[in-house]
Amino acid sequence: MKILVIGSGGREHALVWKLKQSPRVSEIFCAPGNAGIGMLATNVPLPISDHAGLVKFARAEGIDLTVVGPDDALAAGIVDHFEHAGLRIFGPAQAAARLESSKVFAKEFMQRHGIPTAASGHFTDSTAAHRFCQTSRYPLVIKADGLALGKGVIIAQTPWEAAQAVHTIMEERRFGAAGDRVVIEEFLTGQECSVHALVDGEHYMLFPAAQDHKQIFDGDQGPNTGGMGTFSPPDKLVTPEIVERIHREVMEPFMAGLKKDGLRFRGLLFPGLMITAEGPKVLEFNCRFGDPETQVLLPRLRNDLAELLEATIDGKLDTIQPAWDPRAAVCVVMASGGYPGSYSKGKKITGIEDAEALEGVTVFHAGTQWDDEKNLITAGGRVLGVTALGAGLGAAQARAYEAVERIHFEGATFRRDIGAKGL
Ligand code: AMP
Ligand code: GLY
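Using this note's numbering, the first residue of the sequence shown is number 6, and each one after it goes up by one.
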């Protein structure tokens with residue numbers, strides 16, 4: 006089977022790495038890919054937004070299955086384009102991907118189907134939004150409706166901050182059309198976790214949970230990023246009782262809701278959850294693999310990923326028995342100095358081979374490329390996801406940081422406490 010993976014981050018490197026281990030897979034292409042992906046697959050220099058070009062490539066190359074990484078491709082309807090052309094592709098069609106691309110749509114879905122989430126209102130008119138902020142309790146969370154690279158969520162401590170947030174999103178239109186509507190919701194307290202489930206429309210397969218570290222600095226300080234590191238499993242937070250509640254209160258009503266609304270969803274659902282004193286509540290739905298969650302989940306997956314993705318498309322997830330490595334995994338993201346603000350590129354990266362010589366260590370590339378002299382250089386904000394398996398969380402964490410110490414590039418920035426909240 007020939008596979009095309011779409012995307013260029015650490016998530017896509019992990020997908021390619023895992024698919025490469027499948028005896029069903031003969032060849033992998035990745036558009037556009039990165040330097041690490043290029044060592045396992047053939048990189049195809051087509052932008053993610055060029056659906057027509059990607060369809061043409063998949064036809065010409067005889068691709069049997071395409072796997073979509075990023076949310077914006079799903080929101081733009083890449084799955085619909087491929088299916089119209091008669092091509093097999095993993096991911097929800099545009100109508101179902103609205104669960105991620107519109108927070109208003111997701112909130113209404115949750116309210117209609119009894120899925121626990123923060124109480125909220127939504128507004129198309131900034132005057133009404135401002136009025137609502139004046140009469141609410143604080144802190145208050147203001148969210149742009151559409152995709153905004155993870156930056157469209159503002160936590161306001163005071164009515165003044167809330168007014169600023171509404172102004173930024175709706176009047177200044179910092180996130181463009183994503184800010185045509187806002188969701189304003191109650192602030193939830195608790196710890197967050199990331200849940201992944203393959204969904205074939207009839208059945209779902211829940212993965213072990215993971216925890217992300219969104220803020221740039223240790224102790225969850227500083228601005229949010231795309232994710233500075235992950236670990237799995239977070240057993241202290243996601244106890245067997247919580248897992249049971251995720252099945253009953255989130256996944257089962259989600260599946261029933263898809264049916265009632267006539268939404269066809271075949272792909273990966275990743276609800277971001279807040280584990281509150283009252284139980285799990287959904288902060289958001291993502292309709293794709295998480296980044297850097299994928300970098301700790303796939304090294305723990307024992308099944309053939311190609312088989313799982315095909316079973317999802319074919320509605321046969323019930324025929325597969327999931328198997329997971331009981332070891333823990335920790336992924337530490339190494340980022341460019343200055344990220345998530347501005348940063349420079351082109352810094353030479355060394356030591357990856359030494360890091361991977363350590364048992365259980367895999368280094369997933371994100372923003373990397375080769376320069377003209379065949380040096381590996383930085384090419385993005387998040388550069389590498391250094392992942393280690395270990396007998397327990399402590400062992401995995403120690404091994405991941407041992408690996409990080411072996412890797413060097415100018416300005417390298419990483420958190421030193423990935424996994425600490427799970428110990
Ligand atoms: P979202 O894109 O909706 O997941 O929001 C991004 C981040 O904002 C989440 O990962 C949380 O850290 C935070 N957040 C979002 N909604 C809430 C909420 N209702 N209460 C507390 N924190 C929130
Ligand atoms: N790590 C969070 C996300 O992929 O959205």
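Cβ coordinates follow ideal geometry from the N, Cα and C atoms, glycine included.
If you're wondering where the values come from, they're calculated on a predicted model, not measured in any experiment.
Since residue i contacts residue j with CB under 8 Å, what's their CB separation in whole angstroms?
i	j	result
Q300	G15	5 Å
L274	F290	7 Å
R29	D309	7 Å
E177	A124	27 Å between Cβ atoms; not a contact.
E105	C292	4 Å
S341	G231	In fact, because the Cβ distance is near 12 Å, the residues do not count as touching under 8 Å.
Within a Cβ cutoff of 7 Å, which residues of the same chain sit near residue i, ignoring the five residues on either side of it in sequence?
i	result
A214	C198, S199, V200, S237, P238, P239, V243
A183	A149, D150, G151, L152, A153, G157
H135	A168, V171
M175	S131, A134, G184, V187
Q139	P164
M468	Only positions 6 to 428 of the chain appear in this structure, which leaves residue 468 out of reach.
P327	M210, N308
H413	T355, G356
I318	R93, F95, R271
S107	D150, G151
I160	P144, V146, F192
How many Å lie between residue i and residue j at the Cα?
i	j	result
L20	V10	8 Å
F419	V337	7 Å
M44	G427	33 Å
A111	E246	25 Å
I423	E410	14 Å
L302	K321	21 Å
L313	T324	10 Å
L193	I147	13 Å
A81	Q162	34 Å
A348	L381	A quick correction: the sequence has Tyr, not Ala, at residue 348. Those two C-alpha atoms are separated by around 17 Å.
T383	E298	21 Å
G126	V255	21 Å
D223	Q196	16 Å
S54	E364	38 Å
I8	G67	9 Å
L24	I83	21 Å
G346	N48	28 Å
D266	E257	14 Å
M279	A401	25 Å
E32	Q374	21 Å
P304	I251	23 Å
K379	M339	21 Å
E207	G277	22 Å
R421	L389	15 Å
F212	G351	37 Å
Kindly list the residues whose CB is nearer than 6 Å to the CB of residue i, restricted to its own chain and excluding five residues on each side of it in sequence; keep chain order.
i	result
H18	G41, I42, F369, H370
G58	L51
A405	V335, V337, V391, A393
K61	none
R179	T173
G343	none
Tell me which same chain residues have a C-beta within less than 8 Å of the C-beta of residue i, skipping the five on either side of it?
i	result
T129	D185, R186
E88	I94, A98
D225	H218, K219
Q216	Q196, E197, C198, S199, T235, F236, S237, P239, L242, K426, G427
D76	A102, E105, S106, L152, N291, C292, R293
T71	I8, L9, V10, I11, L59, A63, F87, L92, R93, I94, F95
Among all the DSSP beta bridges, which residues are the ones paired with residue i?
i	result
Q226	F222
K181	Before going on, a small fix: residue 181 reads as Gly here, not Lys. According to DSSP, which records beta bridges pairwise, G181 is partnered with nothing at all.
R387	A340
W165	DSSP output for W165 lists no bridge partner at all.
M210	L203
H413	T355
W22	W22 is not bridged to any residue.
F34	L9, T47
V73	I11
M279	E197, K286
I159	I147
I94	T71
A334	S237, L394
So is the beta-carbon of residue i under 7 Å away from any non-hydrogen atom of the ligand NAP?
i	result
I160	The ligand NAP is absent from the structure shown, which contains only the ligand AMP and the ligand GLY.
By C-beta, the residues closer than 5 Å to any heavy atom of the ligand GLY, given in chain order: Those residues having their beta-carbon less than 5 Å away from any non-hydrogen atom of the ligand GLY are, in chain order, D217, G232, G295, D296.
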